[in-house]
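Worksheet: the structure to be examined is printed underneath.
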Amino acid sequence: MARRDHLITSVLVLGLAVGGTTTAWLAMPMSDQTGRVVQAASMSSPPAPAHESLVLSTTQVDASGDHTTLERTVPQDPASEHAAPESLDAELVLDAKPPQAAEEAEETEETEETESDPPLRFDDVDIEYIEGTRPWVIHRILRVETLEQVAHRYDATPQAVRNWNGLAPDATPPAGLRVKLKAKRVPPTRKRVGYTVKPGDTWWSIGTAHGIDSRDLRTANWTAPNRLAGGERITLWIDPVVHHWIHEGESATEAEGGAVGIRRGAVGVGPPWEGRLINGVRIPEGAGWRRKMMPSSYGTTHAVTNLVKALQKFHAEGGYERDVLLGSMSWPHGGPMKGHRSHQTGRDLDIWLPLLARYPSWTKLEPRRIDYEALWKLVAALLDTGEVEMLFLDHELQRRLHKAATKLGVDRATLREVIQWPRGATAHAGSMRHESGHEDHIHVRFRCGPHETECAAGRAPGRDGG
Ligand SMILES: [Zn+2]
């Protein structure tokens, strides 16, 4: 599948068309699960040169590939240049409708279509930053948020956010604190929608239907009863990208692996070692594999879809007579998992290494009992999806795998691309890397999916595997 991450990482474009070094900063409209919307732009000292202006631009790419760029230049008020940022918050309405209108939209049953508000193709909206500038964003920390979550939302590191705001390394900032941060990406503003609970609805069913984590939904509507009876009015804060993806026509299913048919809306947030999973989807049953860790076999739609595609391909090719045994992926809502450093966002999975046919299934997995040819075929099927970011396997086992693959006739260039060995165990080379403790299983990390606007890729040294 084509990488589409860049298409949907954000909806709005804000750039600062300025020269030289300025500390001008501005805030994007933003909101989050519990939903206060902050819309402000401010300029702070040193005084901006007279030619400075804010450029707001939105680039839309429609289905035919046409680009429409809307640009508005907002001249800076000279009187504002010397004031402190706090006193300067100027309301900038960047959305199609002002916040009040958004609240009035509460009465609509359906979330998007009203006469004055035609459905938006959020996943066709592109973002560009002007002249390589990155916008400064102000985010007000909410009661349910951690600093780490806020940082990852804008693809910044928690440490950088602490530095930018003069916070101690171990500080837990209080709710309501406004932190400024330099955003690498700005996820689209969540939309507030009123919803009348229907008989039979549960927090989980409403959450999965609208792409909102059911726990966040429960928190945002804490006055509502635990057990919903029907008729209650609750508030949904909808991520437009995820919501649109869940509700768009069936036609797109084919492009996503079609026959696999994994429920949409399960997305990862943050990096694998410090994130969570929104309404995880469980790996389905299937011919050729078995789930050994049912309570922690949840992942993102994207990861589970590609996993199933790879397992089906591996099984169809008949390289292994036993079932592939699947270990832990993530909890239904992700987060820390005992005994693992990552596995927090639904895109990491441990798979037991295939055992040679001559050993009974209860035999302890030892390096000499592993079916490396089958392992190579499994790895190849996984990589064939194009959606595997990393693989973790013990360095000595990589050597044996390399040997088996060579025997199978795999060319050197491919091996070099895939396997770290014969380079050292710490070499930054190959999709497959050494990680201690990976002697009886291989750890697969899938990429962030195209609808995961808050998923963070990348590695953290020494915190990857497990
Ligand atoms: Zn693992």
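Read left to right, the sequence shown gives residues 1164 to 1629 (the working numbering). Note that CB positions come from ideal geometry on N, CA and C, so glycine has one too. From a predicted model like this one, the values you see are computed outputs, not experimental measurements.
Return the chain-ordered list of same chain residues with a C-beta closer than 8 Å to the C-beta of residue i, the five sequence neighbours on each side being excluded.
i	result
residue 1519	1532, 1533, 1534
residue 1692	Any question about residue 1692 goes unanswered here, given that the chain covers just 1164 to 1629.
residue 1500	1459, 1491, 1493, 1494, 1506, 1507
residue 1313	1302, 1304, 1324, 1342, 1344
residue 1562	1584, 1585
residue 1578	1565, 1568, 1569
residue 1346	1191, 1297, 1298, 1299, 1300, 1317, 1318, 1319
residue 1426	1371, 1444, 1464
residue 1523	none
Quick one: using the 10 Å Cβ neighbour count with 16 as the cut-off for buried, is residue i buried or exposed?
i	result
residue 1571	exposed
residue 1584	buried
residue 1408	buried
residue 1612	buried
residue 1615	buried
residue 1493	buried
residue 1490	buried
residue 1368	exposed
residue 1428	buried
residue 1365	exposed
residue 1574	exposed
residue 1329	exposed
residue 1464	buried
residue 1457	exposed
residue 1539	buried
residue 1580	exposed
residue 1354	buried
residue 1437	buried
residue 1568	buried
residue 1212	At residue 1212 the pLDDT is 33, less than 50, meaning the model places this residue with poor confidence; the figure from the coordinates comes in the next sentence. Label assigned to residue 1212: exposed.
residue 1543	buried
residue 1298	buried
residue 1377	buried
residue 1389	exposed
residue 1468	buried
residue 1587	exposed
residue 1334	exposed
residue 1497	buried
residue 1250	Any reading at residue 1250 must be qualified, since the residue scores a pLDDT of 23, below 50, and its modelled position is unreliable; the value itself is stated next. Exposed.
residue 1273	No answer about residue 1273 holds up, because its pLDDT of 35 lies below 50 and its placement is not dependable.
Below 8 Å between beta carbons: does that hold for residue i and residue j?
i	j	result
residue 1510	residue 1435	yes
residue 1638	residue 1402	Outside the shown range of the chain, which is 1164 to 1629, sits residue 1638, and nothing can be said about it.
residue 1598	residue 1606	yes
residue 1507	residue 1439	yes
residue 1105	residue 1394	In this structure the chain extends from 1164 to 1629, so residue 1105 is not present and cannot be described.
residue 1406	residue 1357	no
residue 1565	residue 1582	yes
residue 1551	residue 1514	no
residue 1554	residue 1594	yes
residue 1382	residue 1307	yes
residue 1482	residue 1537	yes
residue 1470	residue 1512	yes
residue 1310	residue 1337	no
Apart from the five residues just before and just after residue i, which ones in its own chain have a Cβ nearer than 6 Å to its Cβ?
i	result
residue 1617	1316, 1350, 1432
residue 1541	1477
residue 1340	1304
residue 1620	1611
residue 1391	1360, 1364
residue 1199	Any reading at residue 1199 must be qualified, since the residue scores a pLDDT of 32, below 50, and its modelled position is unreliable; the value itself is stated next. No residues qualify anywhere along the chain.
residue 1387	1395, 1397
residue 1261	Low per-residue confidence applies at residue 1261: pLDDT is 29, beneath 50, and the placement is therefore not dependable, though the value from the model is reported in the following sentence. The answer is none, since no qualifying residue turns up.
residue 1475	none
Whose C-beta lies closer than 7 Å to the C-beta of residue i among residues of the same chain, with five residues either side of it excluded?
i	result
residue 1461	1440, 1443, 1444, 1445, 1492, 1493, 1494, 1495, 1509
residue 1466	1509, 1510, 1609
residue 1545	1473, 1551, 1607
residue 1396	1357, 1359
Ligand 3 and residue i: does the residue's C-beta get closer than 7 Å to at least one heavy atom of that ligand?
i	result
residue 1346	As presented, the structure is devoid of ligand 3, carrying ligand 1 as its sole ligands.
*Which parts of the region 1513-1582 are runs of the beta strand (DSSP E), unbroken and 3 residues or longer, counting only runs that do not cross its ends?*
1551-1555
*Mind listing which residues have their beta carbon within less than 5 Å of any non-hydrogen atom of ligand 1? Chain order is fine.*
1513, 1606
*Just list the beta strand (DSSP E) runs in the region 1345-1418, keeping only unbroken ones of 3 residues or longer that don't cross its boundaries, in chain order.*
1354-1359, 1396-1401
*Going along the chain, which unbroken runs of the beta strand (DSSP E) with 3 or more residues stay wholly within the region 1456-1499?*
1487-1489
*3 or more residues per run - each beta strand (DSSP E) lying fully within the region 1297-1345*: 1299-1303, 1341-1345
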